[in-house]
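>
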Amino acid sequence: MLPFITLLLICQLIGEAIARGLDLPLPGPVVGMALLFAGLMLRGGVPEGLAKTSGGLLDHLSLLFVPAGVGVMLHFSLVAREWLPIAGALIGSAVLTVAVTGLVMIVFTRLAGQANGEDGEHEGEREHEGER
Amino acid sequence: MNEGALREIWVYLSTSPLLGLTVTLVAYQAGFWLYRKAKLNPLVNPVLIAIVALVALLSVTGTSYATYFEGAQFVHFLLGPATVALAVPLYRNFQAVRRSAVPLAVALLAGSITAAGSAVAIAWLLGASRETLLSLAPKSVTTPVAMGVAEQIGGLPSLTAVLVILTGITGAVLATGTLNLLRVKDWRARGFAIGVAAHGIGTARAFQVNDVAGAFASLAMGLNALATAVLLPLALRLLP
């Protein structure tokens, strides 16, 4: 496990260096993700240890957002003052974005003619959400 | 043990990083336990539960966010390596991603513009201040990118960080219902949609539900970060 944690950190470190050095509009970790992806393509497979390590981190990805979220307490007064526009924007934009992205993708998948023969495998899976 | 000794222990613990770290893990696991009890119902969001519990705890005990963050930063730090680790599910689903390259590109563009545009338009109609509008614009992308973009366009980075998290929670809570209502059944489209709208928190939710959806959500998160970071400053330059 330790070698693979080190590998993730090295990818992130090189990613940070590239992002800063080339003044990219991307955060270092996203560049690091691209580097690791390129590495996996070259190698042609995921080592078991890396699968375990990344699985361990990603299983609780949402935990990692908690500390930044608690920062809401720094902006109590602003959020209290403008709660209506903020809540309206967050809820409205979440529904619209999910709807537009999902529908555009479905429509263009059909247009690209890729729906043929692929639709079937996704049928019936929808209702099982939440059982995992 | 008398009250003085208790107070001494509290004073010691409340300033050590151990407490902030431990309560973060406990609050999240309590939230996750409830989420599982509710059969992964998106309305019982574990991140939201943990944040509400922690804000309440810090307020009651009079602890500052800075003190809390000294401990919580260890969890926060793992966001970086976890983002790198997203390469693994992406690699595993690369064939599926390559097959849908064109629909993905169009959906990304449409989704990215909708996310920023609709949020700013709705907030403006409801009378938000300029500061809030600019902080809202990059809300659908992952925290570090959003904060950078906010700074560039004149928003408040720390407010943006909070709006990003709230966006993620809102998206994770509302996506399942919206997609079911629209009869979007394809896991690729479902995952991609939640990733564009709700970055890492949506991606976490997608992985809990389906692996393919998770891979497409993480792809969407990365691509939307890129698209927003490039397009948003340009779009604002064109506006008066």
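These protein sequence lines map, in sequence, to chains V and R. Counting in the numbering used here, the first sequence runs from 1258 upward without gaps. Counting in the numbering used here, the second sequence runs from 277 upward without gaps. Even glycine gets a Cβ: it sits at the ideal position worked out from N, Cα and C.
1) List, from N- to C-terminal side, the beta strand (DSSP E) runs of 3 residues or more that fit wholly inside the region 1308 to 1350 of chain V.
2) For a cutoff of 8 angstroms on Cβ pairs, would you count V:Met1290 as touching chain R?
3) For R:Gly431 and chain V, any beta-carbon pair shorter than 8 angstroms?
4) To the nearest angstrom, how far is the alpha carbon of V:Glu1273 from that of V:Val1288?
5) So, does the CB of R:Gln349 fall closer than 8 angstroms to a CB anywhere in chain V?
6) For chain V, is any of its Cβ atoms less than 8 angstroms away from the one on R:Ile285?
7) Between R:His475, R:Glu427, R:Arg464, R:Val438, which has its C-alpha nearest V:Phe1365's C-alpha?
8) What does a CB cutoff of less than 7 angstroms around R:Leu324 pick up in its chain, not counting 5 residues either side in sequence?
9) Are there three or more Cβ pairs, one per stretch, closer than 8 angstroms when the region 356 to 365 of chain R is compared with the region 1302 to 1315 of chain V?
10) Could you please tell me which residues of the region 1265 to 1288 of chain V, in chain order, have their CB closer than 8 angstroms to any CB of chain R?
11) Within the 8 angstroms Cβ cut-off, does V:Leu1314 reach chain R?
12) If the cut is a Cβ gap below 7 angstroms, which residues of chain V does R:Gly447 touch?
13) Can you name the start and end residues of the alpha helix (DSSP H) that R:Lys313 belongs to?
14) Hey, V:Leu1292 and V:Ile1271: beta-carbon distance below 8 angstroms or not?
15) When you compare each of R:Val449, R:Phe492, R:Pro318, R:Gly498 to R:Phe370 by their alpha carbons, which one comes out closest?
16) Candidates R:Lys461, R:Val472, R:Ala332: which alpha carbon is nearest V:Gly1326's?
17) How would you label R:Ala281, buried or exposed, when you count the other beta carbons within 10 angstroms and need 16 or more for buried?
18) Can you give the Cα-Cα distance for R:Ile285 and R:Ala404, rounded to whole angstroms?
19) By the three-class DSSP mapping on this structure, what secondary structure does V:Asp1280 have?
Taking the coordinates as given:
1) none
2) Sequence index remark: in the first sequence, residue 1290 of chain V carries index 33 (1-based). Chain R contact via Cβ: present.
3) Residue mapping note: residue 431 of chain R aligns to position 155 of the second sequence, counting from 1. So, not an interface residue.
4) Here the question's residue 1273 of chain V lines up with position 16 in the first sequence. Here the question's residue 1288 of chain V lines up with position 31 in the first sequence. The alpha-carbon atoms of V:Glu1273 and V:Val1288 are separated by roughly 7 angstroms.
5) Counted from its first residue, the second sequence places residue 349 of chain R at position 73. Cβ-Cβ to chain V under 8 angstroms: yes for R:Gln349.
6) Your numbering for residue 285 of chain R matches position 9 in the second sequence. Chain V, which has no Cβ nearer than 8 angstroms to the Cβ of R:Ile285, makes this no.
7) To locate residue 1365 of chain V, count along the first sequence from 1; it is residue 108. The shortest Cα separation from V:Phe1365 among R:His475, R:Glu427, R:Arg464, R:Val438 belongs to R:Arg464.
8) Along the second sequence, read from residue 1 onward, the residue named residue 324 of chain R stands at position 48. Closer than 7 angstroms at the Cβ level, and outside the excluded window around R:Leu324, lie Ile445.
9) yes
10) Leu1265, Leu1266, Cys1268, Gln1269, Gly1272, Pro1282, Leu1283, Pro1284, Gly1285, Pro1286, Val1287
11) To locate residue 1314 of chain V, count along the first sequence from 1; it is residue 57. Chain R, which has a Cβ nearer than 8 angstroms to the Cβ of V:Leu1314, makes this yes.
12) On the second sequence, residue 447 of chain R is found 171 positions in, with the first residue counted as 1. Result: Ala1351, Val1355.
13) Against the second sequence, residue 313 of chain R aligns to sequence position 37. First-last of the alpha helix (DSSP H) with R:Lys313: 293 to 313.
14) Your numbering for residue 1292 of chain V matches position 35 in the first sequence. Your numbering for residue 1271 of chain V matches position 14 in the first sequence. Yes, the Cβ-Cβ distance between V:Leu1292 and V:Ile1271 is below 8 angstroms.
15) The residue you call residue 370 of chain R lines up with position 94 of the second sequence. If we check each option's Cα against that of R:Phe370, R:Phe492 comes out closest.
16) Counting from one through the first sequence, the residue named residue 1326 of chain V turns up at place 69. When only C-alpha atoms are compared, the closest one is R:Ala332.
17) Position 5 of the second sequence, counted from the start, is the residue given in the question as residue 281 of chain R. By the neighbour-count rule (16 or more Cβ atoms within 10 Å), R:Ala281 is not buried but exposed.
18) Indexing the second sequence from 1 puts residue 285 of chain R at position 9. Indexing the second sequence from 1 puts residue 404 of chain R at position 128. Cα-Cα distance, rounded: 45 angstroms.
19) Along the first sequence, one-based indexing puts residue 1280 of chain V at 23. Residue state, collapsed to three classes: coil.
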